[in-house]
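J.:
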Amino acid sequence: MGLITPLFDDLWNEYVVWSALVGIFTFGWLYHHSYWYRSEEGESPNIDNLQVGVFPKEYDNLKLEITWIVAPFILIVYLTFISWAPLDNIWSAANAESGYFGDECADGETSNLIFNEDSGMYEADCYNVIEITGYQWYWEFDCLNLEEDICAVSTTQIEGSDRPLLSLKDDTAYFATMTSNDVTHAPWFVSFGIKEDVQPGMITSQWILADDVENFLLLCTEYCGDDHAYMIAGVSVHA
Amino acid sequence: MKRKTLITRSMVALILISVAMVVSPAVNSLPTGVGGTGIQTSGCNCHAAAPTATIDVTLDGLPDQYNSSETYTITVSFEGGPIESGVNSGGFNLWASGGEFTVIDATVQSRATAEVTHTEVGNDYRTWTMEWIAPSHGRNVDFILHVNSVNGDGSNSGDSWNRLDLSVVGSLGVGLDPADPFTVLATLIIISSVLLLITILYGFYRTNPEAFDWEHLAPWITEWLTSTDHKKIGTLYFIQGLFFLGIGGILAMMIRLQLAGPEMGFISQDQYNQFFTLHGTTMIFLAAMPLINGFANWIVPLQIGAPDLALPRINALSFWLQPFAALLIFTGVFSGQGADTGWTGYAPYVVSAGAHSGVTMWVAGQIMLVASSTLTGINFLTTMAVMRAEGMGWMQMPLFTWSILVANLMLFLSIPAFGIGLLQVYLDRTISTAFYDIAAGGDPLLWSHLFWYFGHPEVYVVIVPAFGVISEVLATSARRSIFGYRSMVYAMAGIGIVAFIVYGHHMFTSGMSPSLRFVTMLTTMLVAVPTGIKIFNWLKTMHGGSLVYRTHTLWALGFLVTFTLGGISGMFFPSIAMDTHLHETYFVVAHFHYVLVGGTVFGFFAAIYYWYPKMTGRMLDERLGTLHFLTAFVTYNGIFWPMHRLGVVGMPRRTHTYFITTDDFTNLPEWAADWNLFISVCAFLFFFSNFIMVFNMLISLARGQKAPADPWGGWSFEWMTSSPPPTPSFDWNNLPVLKDANEHIAHEPSVMGIWFNKLMVPEDNEEVNN
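Chains as they are written, first to last, in the numbering used here: chain A, 1357 to 1595; chain B, 25 to 794.
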């Protein structure tokens, strides 16, 4: 997946491996049988003696059928299990007792976001709160009272038009509280691999974990009308 | 509803500009020049609200008609304004609809390939020179030039601007402006309709070439319009389904033309939004569902040994609601105001003032489809419950009939939720109720819940009948009984039950409560188990068989490949951590097209090749069929396989364009544009390859070999009747009786069988043995 976020890169790889194994198994079986058990030229033996108006002879094998109920079941239980862990992180509580990202940063406190290789989770000392509001068809970012270095909003030229630019600081955790002014939108932080809908009359939230110095486009990923495709913004993470 | 006044976007822009003029009358102009589409339409309003006609703008050096790719040196100049010349006295901005500008001195800078403006140095001049390289396509190029005459003191008093529009004729000559996509679409729909009419007339001509006149045609048409025969209605469904498969395909081609390159302008985003909405609605409701109902109408009564459906007139009503619903759904397109909400029609956009007026008709049409589907459900469930032939218990029904039973049961239980949602939207849009008015306390997620409570079972409603077809085709082609008949039935029933508890996976990023999302993650994973059973059972069916390769066999094997791939990619979505990335991207588009085209459509292509001889009495041409399979299978994978990767690297769905990484911002890598072009080419090849099948069907109708009653050696009752079957399909006084090769099953139903029988009303002549 080109290393989007360590939160699910390993998960992705594991899924791809299992997909490949299931694919090789199934297609191997399919190709083997469709070649090996093909009818020869001109021959058409009626193996199970199918006759019109007669329900065919039973052909089953309880052990085999239970095998391919149980084996996929074990596999999906395992896949569910490994998918479970990152959820705790992406839906982390926003407090130090039960969350991963501490409490809201006091003045001058640094977030120190790190990816803990052992637990496979992001951890931070504290987080900063920002607000995102969707409008037809632009994004409004609000850094509240954060320092310029941690969060800044400006405009920039993207594809020949002025678009909002959100500047974030590397190794910092942000908690975005989001809403919409009109219809459903969804900010997709493509390089962080996260998105969450913004709904009018509702506050949604997501953790924005900036841990790479990069500039990327933020896209709208819930259809919102005419200029949906052009509802873009720049995100810039600086050191 | 806030649609008392219909304010166009340009009016909004003008109002915003006027407000900005009042609020900040002394905004300084940017000395390095500004640009963008807003400036292009309404001018540099920081200098003055409206253009000043006394400023004399000239654009020299352009020919009347350009030569392809030739370079022209052009000069922009103007006279007039607050001061004659001097520091900070001028500026300009020039756009061209084609070609490329090259900067030759420091007074001019390029903003995009076809947009130039002055630099900070260039601010002091009133004449600027640059080069323009004409495009190679030879079409007309429009130039828009804005000049600003500025007073030079940094304030805006007395500043003025003016605009010049110029058009240069291309080497292709005058009159080759691009066509309006709506005109293209309407033309193609009309052509398709005319072709359909000609085909129908030809069909009539073939029935009796001697009697090709109005006196015979009128009763023939009346017969088709008023028939309650399940075979005739099945054929009508079938024709409607194929016709709209074509229309949906045309819409898809328009979409693919637009996406062939990044930032193409083949259709506007307004049109694009309508096209993908109609593509989805058409393909699901007007193509897939009628195709399924066509086969269900034709084959289910034949398979269970019934002369007709239980409620033939309700059956006719179910069908005749469809064309009128289709008409309503498409109404908006002909006024340029078609539904632009996506087939999911998420609230509150669907009731907002911004949504097109055609949405109301689109909703009304779908309400009719809800009625149609409900009636169909009643009809089939009743028929299967009471009209099975003697000797055919529930567990001796052919698997295609079982699949229709499961599908209709699912549809019957889920579609009322959709109907309620549609009625709410319809009332919101027409008489200003406030179900989805958020300001009045409406719930933005209500629609999503109602829609997906129906929408997820719906996609299984579309795929399960294909399971039934593949079960029939593979078993017959392998000359074997289906492996694990009972586990096949339980697997389908299992899919039918699980369908109702997984819909939340469409809403993993919706802001729905995390605990609900987590539960649907677990249940969604479960879908893999019954689906796996079916795939492994099909594979095991071939074991020890003698697989006869015919066109329908090829399609069934192709189905196994593509449906398995679609199933595997589906496993990525329930993992919510990944779904936050993959949701609403082309990965999703790839997945559901693998399941809906590679599953449903391939399944029904197999059904067409399998049952066509039964339906028409004519065999299809196997060579054309094989050619169709090979071309369609290869190009189909060429369309949808690359989409997986595109989605992962950051291409969102339902967008009019996509963005390639620039120096400033990362988005799609450059190869994404190449793959999109590849996909578009494959899409056209796939589209046209399906005409091989249509051609095959028509040519075989006229010149095909006569089909025997049982050309493939199947066992179920439809192969007992002649090809085509008589009307009524079976003699009421001499109904067939199913024999059973396994006598013990008939007398010893399993525990589940007894339990299931208890749930059902027994037939008069059926013994309840428990």
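Each residue gets a CB set at the ideal place from its N, CA and C atoms; glycine is no exception.
Within 10 angstroms of its Cβ, does Asp1366(A) collect 16 or more other Cβ (buried), or is it exposed?
T.: As a working note, residue 1366(A) is residue 10 in the first sequence. Exposed, because fewer than 16 other Cβ atoms sit within 10 Å of the Cβ of Asp1366(A).
J.: Does Pro55(B) come within less than 7 Å of chain A when only Cβ atoms are used?
T.: Reading the second sequence from its first residue, position 31 is the one you call residue 55(B). At Pro55(B), the pLDDT of 42 sits below 50, so the modelled position is not reliable; the number obtained from the coordinates is stated separately. Cβ-Cβ to chain A under 7 Å: no for Pro55(B).
J.: In the structure shown, what three-state DSSP assignment does Val58(B) receive?
T.: To locate residue 58(B), count along the second sequence from 1; it is residue 34. Because Val58(B) sits at a pLDDT of 49, beneath the cut-off of 50, its placement in the model cannot be relied upon, and the point is left open.
J.: Report the CB separation of Phe611(B) from Val672(B) in whole angstroms; it is logged as a contact under 8 Å.
T.: In the second sequence, counting from the first residue as 1, residue 611(B) sits at position 587. In the second sequence, counting from the first residue as 1, residue 672(B) sits at position 648. About 6 Å separates the two Cβ atoms, so the contact holds.
J.: Terminal residues of the continuous beta strand (DSSP E) containing Glu1453(A)?
T.: Counted from its first residue, the first sequence places residue 1453(A) at position 97. Here Glu1453(A) belongs to no beta strand (DSSP E), and DSSP marks it neither H nor E.
J.: Do we get a CB-CB distance below 7 Å when we pair Ser1395(A) with the residues of chain D?
T.: Any reference to chain D falls outside this structure, whose protein chains are A and B.
J.: Going by DSSP in three states, Met1477(A) sits in which element: helix, strand or coil?
T.: Locating residue 1477(A) in the first sequence gives position 121, counting from the first residue. Looking at Met1477(A) - three-state DSSP - the assignment turns out to be strand.
J.: Can you look up Ala631(B) in the DSSP assignment and give me helix, strand or coil?
T.: Sequence index remark: in the second sequence, residue 631(B) carries index 607 (1-based). Here Ala631(B) sits in helix by DSSP.
J.: Short of 8 Å in beta carbon distance, which residues of its chain neighbour Ser593(B), apart from the five on each side in sequence? Order them along the chain.
T.: The count along the second sequence starts at 1 and reaches residue 593(B) at position 569. Only Phe611, Ala614, His615, Tyr618 and His668 meet the Cβ criterion.
J.: Only counting runs of 4 or more residues, tell me where the alpha helix (DSSP H) segments fall wholly within the region 488–572 of chain B, in order along the chain.
T.: 509–522, 538–550 and 552–566
J.: Would you say Pro1401(A) and Ser217(B) are within 7 Å of each other, going by their C-beta atoms?
T.: Working through the first sequence from its first residue, we reach residue 1401(A) at position 45. Working through the second sequence from its first residue, we reach residue 217(B) at position 193. In this structure, Ser217(B) does not lie closer than 7 Å to Pro1401(A) by Cβ.
J.: What's the gap between the Cα of Trp1385(A) and the Cα of Val658(B)?
T.: Here residue 1385(A) refers to the residue found at position 29 when the first sequence is read from its first residue. Here residue 658(B) refers to the residue found at position 634 when the second sequence is read from its first residue. Taking the CA atoms as reference points, Trp1385(A) sits about 21 Å from Val658(B).
J.: With a threshold of 7 Å between beta carbons, is Val1546(A) in contact with chain B?
T.: The residue given as residue 1546(A) occupies position 190 in the first sequence. Cβ-Cβ to chain B under 7 Å: yes for Val1546(A).
J.: Around the Cβ of Pro243(B), are there at least 16 other Cβ atoms within 10 angstroms (buried) or fewer (exposed)?
T.: For the purposes of this step, residue 243(B) is identified with residue 219 of the second sequence, where counting begins at 1. Counting Cβ neighbours within 10 Å, Pro243(B) comes out exposed, since fewer than 16 surround it.
J.: Output, in sequence order along the chain, the residues in the region 548–559 of chain B whose CB is closer than 8 Å to any CB in chain A.
T.: Cβ contacts with chain A come from Met549, Leu550, Ala552, Val553, Gly556, Ile557 and Ile559.
J.: Output needed for Pro748(B): all residues of its chain with C-beta closer than 8 Å, excluding positions within five of it in sequence on either side, in chain order.
T.: Locating residue 748(B) in the second sequence gives position 724, counting from the first residue. If we look at Pro748(B) and ignore the five residues flanking it on each side, its Cβ neighbours are Lys255, Lys638, Met639, Thr640 and Gly641.
J.: When the Cα atoms are used, what is the spatial distance from Gly466(B) to Ile1488(A)?
T.: Counting from one through the second sequence, the residue named residue 466(B) turns up at place 442. Counting from one through the first sequence, the residue named residue 1488(A) turns up at place 132. Whole-angstrom Cα-Cα distance: 22 Å.
J.: What is the rounded straight-line gap between the Cα of Val58(B) and the Cα of Gln1513(A)?
T.: Reading the second sequence from its first residue, position 34 is the one you call residue 58(B). Reading the first sequence from its first residue, position 157 is the one you call residue 1513(A). At Val58(B), the pLDDT of 49 sits below 50, so the modelled position is not reliable; the number obtained from the coordinates is stated separately. Approximately 10 Å between the Cα atoms of the pair.
J.: Would you mind working out which of Ser173(B), Arg453(B) and Ala158(B) sits nearest Ser109(B), comparing C-alpha positions?
T.: For the purposes of this step, residue 109(B) is taken as the residue at position 85 of the second sequence. Taking only the C-alpha atoms, the option nearest Ser109(B) is Ser173(B).
J.: Taking CB distances under 7 Å as the criterion, tell me whether Asp1365(A) reaches chain B.
T.: Here the question's residue 1365(A) lines up with position 9 in the first sequence. By this cut-off, Asp1365(A) is not an interface position.
J.: Name the residues in the region 420–450 of chain B whose C-beta lies less than 8 Å from a C-beta of chain A; which are they?
T.: Gln420
J.: Note down the Cα distance separating Tyr509(B) from Leu540(B), rounded to an integer number of angstroms.
T.: As a position in the second sequence, residue 509(B) is number 485, starting the count at 1. As a position in the second sequence, residue 540(B) is number 516, starting the count at 1. Their Cα atoms are separated by approximately 35 Å.
J.: Between the region 204–213 of chain B and the region 266–279 of chain B, are three or more C-beta pairs nearer than 8 Å?
T.: The region 204–213 of chain B vs the region 266–279 of chain B: in contact.
J.: Less than 7 Å separating the beta-carbons of Ala1532(A) and Ile1486(A)?
T.: Start at 1 with the first residue of the first sequence, and residue 1532(A) comes out as number 176. Start at 1 with the first residue of the first sequence, and residue 1486(A) comes out as number 130. For Ala1532(A) and Ile1486(A), yes; Cβs fall inside 7 Å.
J.: Beta-carbon of Asn1369(A) versus every beta-carbon of chain B: anything under 7 Å?
T.: Counting from one through the first sequence, the residue named residue 1369(A) turns up at place 13. It does not; no Cβ of chain B falls within 7 Å.
J.: Tyr450(B) by DSSP, collapsed to three states: which one?
T.: For this step, residue 450(B) is matched to residue 426 along the second sequence. If DSSP states are grouped into helix, strand and coil, Tyr450(B) belongs with the helices.
J.: Grouping DSSP H, G and I as helix and E and B as strand, with all else coil, what is Met1534(A)?
T.: To locate residue 1534(A), count along the first sequence from 1; it is residue 178. Strand at Met1534(A).
J.: I'd like the list of long-range same chain contacts for Ala1450(A), defined as Cβ closer than 6 Å, with 5 residues on each side in sequence excluded.
T.: The residue given as residue 1450(A) occupies position 94 in the first sequence. Excluding sequence neighbours, Ala1450(A) sits near Phe1531.
J.: Beta-carbon within less than 6 Å of Leu310(B)'s beta-carbon, same chain only, minus the 5 sequence neighbours each way: which residues are those?
T.: Position 286 of the second sequence, counted from the first residue, corresponds to residue 310(B). Same-chain partners within the cutoff: Phe268 and Ala350.
J.: Would you give the residue range spanned by the alpha helix (DSSP H) that Leu399(B) belongs to?
T.: Along the second sequence, one-based indexing puts residue 399(B) at 375. Note, Leu399(B): alpha helix (DSSP H), Gly382 to Val410.
J.: Under DSSP, the beta strand (DSSP E) around Ala1566(A) begins and ends at which residues?
T.: Position 210 of the first sequence holds residue 1566(A). Note, Ala1566(A): beta strand (DSSP E), Thr1560 to Ala1566.
J.: Which partner residues does Ser713(B) have in the DSSP bridge list?
T.: Numbered from 1 along the second sequence, position 689 holds the residue referred to as residue 713(B). Beta-bridge partners of Ser713(B) (DSSP): none assigned.
J.: Considering only residues of the same chain and omitting the five flanking positions on each side of Ala458(B), which have a CB-CB separation below 8 Å?
T.: Reading the second sequence from its first residue, position 434 is the one you call residue 458(B). Taken in chain order, the residues that qualify are Asp452, Ala464, Gly465 and Gly466.
J.: Given Val1591(A), which residues of its chain have a CB within under 6 Å of its CB, disregarding the five upstream and five downstream residues?
T.: Here the question's residue 1591(A) lines up with position 235 in the first sequence. Here the set comprises Leu1522, Phe1572 and Leu1574.
J.: Could you spell out the range, first to last residue, of the alpha helix (DSSP H) harbouring Thr690(B)?
T.: Translated into positions along the second sequence, residue 690(B) becomes position 666. Taken as a continuous stretch (DSSP letters only), Thr690(B) belongs to no alpha helix (DSSP H), as it is neither H nor E.
J.: Any C-beta of chain B within less than 9 Å: which residues of the region 1473–1484 of chain A qualify?
T.: none
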